[in-house]
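The sequence shown begins at 3 in my numbering and counts up by one. The C-beta atom is built at its ideal place from N, Cα and C for all residues, glycine as well. Only a predicted model underlies this, so the values are computations on that prediction, with no experimental measurement involved.
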Amino acid sequence: MTKPQKPFSLTDDRFDQSDYWGRFYTILNVIDPRTLFITAGQRQTYSKLLDDFKNKQLAKDVTDEDLWYARKALDSCTHPGTGEVINPLWRMSAFVPWNIPICLGMLTSTSVPGTIFFQWLNQSYNSAVNYQNRSGAEMTTSQIGSSYAIATTTACSLGMGLRHLVNNGPLPLRRMNALAPGLVPYIAVGAAGSANVYFTRRAEIQAGIEIFDEDGELLGLSKEAASLSIRKTIISRSLGLPIPVIFVPGLVMGALVRTGKVTNPRAKILCELGLISACISVALPAALAVFPQRLPLPTTDVEKEFQGLTSKSGNPIGTVYVNKGL
C-alpha cells in the first residue's frame with residue numbers, strides 16, 4: 003500500500019477522498035498530536051505562506067511538502083465550516099492523549115462515586131469534542147448548556163445502567179456476557195456515545211446545516227443533511243470506534259491472565275491501559291475514515307427545494323456536499 007501524492011492545492015485534498023485509504027491518510031494528518039503545539043504565531047506564519055502561494059509570491063525554496071504541512075497545521079486547528087480556532091483540548095489530535103488518563107481512572111476506580119465521576123468526565127469530554135467538531139450549526143449559550151446537560155446525563159445513565167445489569171441483572175443477560183465477553187459493555191458504550199453525539203448536535207437537525215454544490219456555492223440549509231451527517235458520525239465514531247477498543251484488550255488480557263503471564267494487579271492495569279491506548283490510536287483514524295468529512299449526498303436524500311437545481315455553469319446538480327463533522 004503506497005501513499006498517493008498530489009501537487010499542492012489550496013482547495014483539493016492531498017489524498018483521494020473517494021478511496022478509504024485516502025481518507026485514512028487524511029485523518030492521520032488531522033489527529034497528529036504534534037499539531038497541538040502549534041502556536042498562534044506559527045498559525046500566522048502558515049497562513050501567510052498559503053497567502054503567498056495564492057498570490058504567486060512564494061519564495062523559491064518553498065516546497066510542496068512545506069505547503070502541505072502549512073495547510074495540515076491550519077486545518078488541524080480550525081473548524082472547516084466556521085473557521086473558528088478549536089481549543090486544543092477538544093481537537094481530534096488530542097483525543098488519544100486525553101483518553102489515556104480517563105481510561106486509567108475508569109480502570110482503577112473501585113468506589114461508586116469514583117466510577118460515576120470518571121463516567122461523567124468521559125462523557126463531558128466526549129460532549130465537548132462533539133460540539134467543537136460538529137458540522138457547523140451555530141448554538142446559543144443556553145442551547146449549548148441544555149445540550150451538554152442532556153447529553154451527559156443520558157449517556158452516563160445508559161452507561162452505568164447497562165453495566166449494572168451485567169453484574170446484577172437477569173441470569174440470561176449475565177450468561178450472555180459470560181459467553182461473549184465485552185458484548186454488553188460494547189452495547190453500553192455504543193448507546194452512551196450515540197446519545198452523546200445526538201443530543202450535543204441536535205441543534206443541527208433543528209436549524210439545518212449548510213449544503214454546497216460541487217463548486218462550493220452555498221445552496222442553503224438542510225435538516226435532512228444534518229440528520230444524515232449525525233447518523234453517519236454515530237455509525238463511525240460511536241459504534242465503530244469502540245469495537246476494537248473493547249474487544250481486543252479483553253481477549254488479549256484474558257489470554258495473558260489464563261497463561262499466568264500477567265499476575266501482578268498493577269502490571270495488569272498498565273498492560274490493559276497500554277492495549278487500550280494502542281487500540282484507540284489505530285481505531286480512531288480507521289473509524290473516522292469510514293465516511294468522508296466533506297460528505298457527498300444525492301439530492302434525492304435532501305429536501306425537494308434542492309432538487310432540480312442547476313450550477314452556475316448550467317449543469318444539473320445531482321450531488322450536494324456538507325461538512326459531516328467528526
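- For the pair of segments examined, the stretch 240-260 was found to touch the stretch 271-283: the number of CB pairs separated by less than 8 Å reaches three.
- Look at R73 here: in three-state DSSP terms it is helix.
- Taking 8 Å as the cut-off, the Cβ atoms of T28 and F17 count as close.
- The residues S240, in chain order, have a CB closer than 6 Å to that of G195 in the same chain once the five nearest residues on each side in sequence are set aside.
- At a Cβ-Cβ threshold of 8 Å, L299 and L230 count as neighbours.
- With respect to L51, V64 sits close: the two C-beta atoms are nearer than 8 Å.
- The beta-bridge partner set that DSSP reports for F214 consists of L220, Y323.
- In the DSSP assignment, T112 forms no beta bridge with any residue.
- Rounded to whole angstroms, M162 and S149 show a C-alpha spacing of 20 Å.
- In the three-state reduction of the DSSP assignment, P251 falls in the helix class, which pools H, G and I.
- As the crow flies, the alpha-carbon of G192 is around 18 Å from that of P287.
- Counting only residues of its own chain and dropping the five nearest sequence neighbours on each side, F308 has a CB closer than 8 Å to the CB of I213, L221, G222, S224, T301, I319, V322.
- For the pair S137 and V324, the CB atoms are nearer than the 8 Å cut-off.
- Distance from the CA of E305 to the CA of G316, rounded to the nearest whole angstrom, comes to 21 Å.
- Of all alpha-carbon atoms in E226, L76, L277, the one lying nearest the alpha-carbon of Q208 is that of E226.
- For P298, the beta-bridge partners assigned by DSSP are Y323.
- 8 Å or more divides the Cβ of V199 from the Cβ of T142.
- F201 has its alpha-carbon roughly 14 Å from the corresponding atom of S144.
- Partner residues in the beta bridge of P318, as assigned by DSSP, are T312.
- In the three-state reduction of the DSSP assignment, T155 falls in the helix class, which pools H, G and I.
- DSSP, reduced to helix, strand and coil, places V87 within a strand of the structure shown.
- T80 carries a strand assignment under DSSP once its states are collapsed to helix, strand and coil.
- In this structure F97 is not in contact with A291, their Cβ atoms being roughly 14 Å apart against a cut-off of 8 Å.
- With fewer than 16 other Cβ atoms inside 10 Å of its own Cβ, R260 counts as exposed.
- Using a Cβ-Cβ distance cut-off of 8 Å, the stretch 35-47 and the stretch 76-83 are in contact, since at least three pairs of beta carbons, one from each stretch, lie closer than that value.
- Under the three-state reduction of DSSP output, A61 falls in the coil class, being neither helix nor strand.
- In the three-state reduction of the DSSP assignment, N266 falls in the coil class.
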